[in-house]
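Everything on this sheet refers to the single structure shown next.
Dropping the structure here:
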């Protein structure tokens, strides 16, 4: 956990956060890329993707009314500029992959696996799962930000190895490729996981879960200051900024974490 207190606020307390323009754009681009593969081979073009943007933006606002707060009712120019930014990200996608040469087995695939010996239930959503004729699995995740600098890939790869671990345990097939597609700068990060790497990932997940159980049992999720604090929506209730956290609710923690508190 980058910040245990932020984890508590998001997962246990579920404190509201103001909508983020960047996060909304990322969700929109993901939705368009998912919908694009509904089209037949040969019709998955950049123009088709761009045409999906207004419709998917409308669907997103209906599903998440808070996104209507991003723009004033009369700010048509702001909406158009924002959609243009999403369109540029989609344009980058077509420089990295040809969707007319791909037939994913699944998109927005919900995966889960219960670890043995009292381990946690692992859950995740895979953006795209490709399966080769020989059965090889490729796990693909889209990122609308920029790729990490050299030497800072570990955090991004941990997420992908987590997905790889869940699929491996659930299907009994080791994914052949983990692929991160960064639309912010047109880079692709690939990794071919080894069994030993995914076993290390499982040990890390178990250790993280043990830390969560301990923090929940003590009612003590402490803040951890970092460069990301400046972006946090919960500074008013964070001790690092002079705030006071709301009272910890053990019953709520039991319900939302599934741990004994």
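Numbering (UniProt numbering), first residue to last: 1 to 261. Positions of the beta carbon are idealized from the N, C-alpha and C atoms, including for glycine.
Nearest candidate by alpha-carbon position, reference residue i, set the options
| i | options | result |
| --- | --- | --- |
| residue 114 | 94, 205, 174, 80 | 205 |
| residue 138 | 256, 59, 191 | 191 |
| residue 44 | 93, 78, 253 | 93 |
| residue 187 | 27, 41, 76, 95 | 95 |
| residue 247 | 155, 235, 221, 78 | 221 |
| residue 61 | 19, 259, 144, 141 | 19 |
| residue 202 | 166, 15, 86 | 166 |
| residue 50 | 189, 58, 36 | 36 |
| residue 253 | 2, 3, 7 | 7 |
| residue 112 | 126, 100, 106, 219 | 126 |
| residue 128 | 120, 143, 108, 119 | 108 |
| residue 32 | 57, 40, 150 | 57 |
| residue 168 | 135, 150, 142, 146 | 135 |
| residue 157 | 184, 200, 119 | 200 |
| residue 213 | 89, 118, 101 | 118 |
| residue 278 | 142, 185, 155, 103 | This structure cannot speak to residue 278, because the chain is shown only from 1 to 261. |
Residue i, buried or exposed, once every other Cβ within 10 Å from all chains shown has been counted against 16
| i | result |
| --- | --- |
| residue 217 | exposed |
| residue 170 | exposed |
| residue 226 | exposed |
| residue 86 | buried |
| residue 164 | buried |
| residue 80 | exposed |
| residue 173 | exposed |
| residue 231 | exposed |
| residue 105 | exposed |
| residue 28 | buried |
| residue 74 | exposed |
| residue 24 | buried |
Beta bridge counterpart(s) of residue i as assigned by DSSP
| i | result |
| --- | --- |
| residue 113 | 122 |
| residue 177 | 138 |
| residue 129 | 106, 139 |
| residue 182 | 143, 187 |
Range of the contiguous alpha helix (DSSP H) that encloses residue i
| i | result |
| --- | --- |
| residue 190 | Counting along the chain, residue 190 falls outside any alpha helix (DSSP H), though it belongs to the beta strand (DSSP E) covering 187-191. |
| residue 27 | 21-36 |
| residue 162 | 154-171 |
| residue 253 | 250-257 |
| residue 99 | Counting along the chain, residue 99 falls outside any alpha helix (DSSP H), and DSSP gives it neither H nor E. |
| residue 4 | 4-7 |
Practice task
Please specify which runs of the beta strand (DSSP E), each continuous and at least 3 residues long, are wholly inside the stretch 51-96, giving them in chain order.
Solution key: Within the stretch 51-96, not a single complete beta strand (DSSP E) segment reaches 3 residues in length.
Practice task
Give, in chain order, every unbroken run of the alpha helix (DSSP H) that is at least 4 residues long and sits entirely within the stretch 191-246.
Solution key: 195-218
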